[in-house]
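Notes for the one structure printed next.
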Amino acid sequence: MNLLVMFKLAGDGQLHVRRAARIKLDGRGGLMLVDADTGATETICMTDIGSFDVRFLERGSREAA
Numbered sequence: 002m003n004l005l006v007m008f009k010l011a012g013d014g015q016l017h018v019r020r021a022a023r024i025k026l027d028g029r030g031g032l033m034l035v036d037a038d039t040g041a042t043e044t045i046c047m048t049d050i051g052s053f054d055v056r057f058l059e060r061g062s063r064e065a066a
């Protein structure tokens with residue numbers, strides 16, 4: 002399964018969407034997303050997140066928000 006991660010940053014009305022294989026807390030106040038396709042990581046400071054939603058996708062699904 003993959004994860005579809007949708008979030009808005011505080012003060013920003015734009016919806017950001019990422020497909021992630023894993024989500025981890027980095028121990029320094031950051032939320033680390035591991036890209037489902039490339040394995041690249043992206044860290045988002047949790048204090049910057051205004052809203053956050055995670056949904057499960059079946060492996061191979063290309064659903065986009």
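The opening position of the sequence shown corresponds to residue 2 in this note's numbering, with each subsequent residue numbered one higher.
A virtual CB, placed ideally from N, CA and C, is assigned to each residue, including glycine.
Rounded C-alpha distance that separates Gly12 from Gly51: Here residue 12 refers to the residue found at position 11 of the sequence shown. Here residue 51 refers to the residue found at position 50 of the sequence shown. Taking the straight line from one Cα to the other gives about 8 Å.
Among Arg20, Ile45 and Met7, nearest to Met38 - alpha-carbon criterion: For the purposes of this step, residue 38 is taken as the residue at position 37 of the sequence shown. Just to set this straight, residue 38 is Asp in the shown sequence, not Met. Measuring from the Cα of Asp38, the nearest candidate turns out to be Arg20.
Buried versus exposed, by CB contacts within 10 Å (16 or more), Phe57: The count along the sequence shown starts at 1 and reaches residue 57 at position 56. Its Cβ having fewer than 16 others within 10 Å, Phe57 is exposed.
Per DSSP, the bridge partner or partners of Met33: Counted from its first residue, the sequence shown places residue 33 at position 32. Paired residue(s): Lys25 and Thr44.
Cβ pair Asp54, Phe8 closer than 9 Å: Within the sequence shown, residue 54 is the residue found at index 53, counting from 1. Within the sequence shown, residue 8 is the residue found at index 7, counting from 1. Annotated as proximal: Asp54 and Phe8, with beta-carbon spacing under 9 Å.
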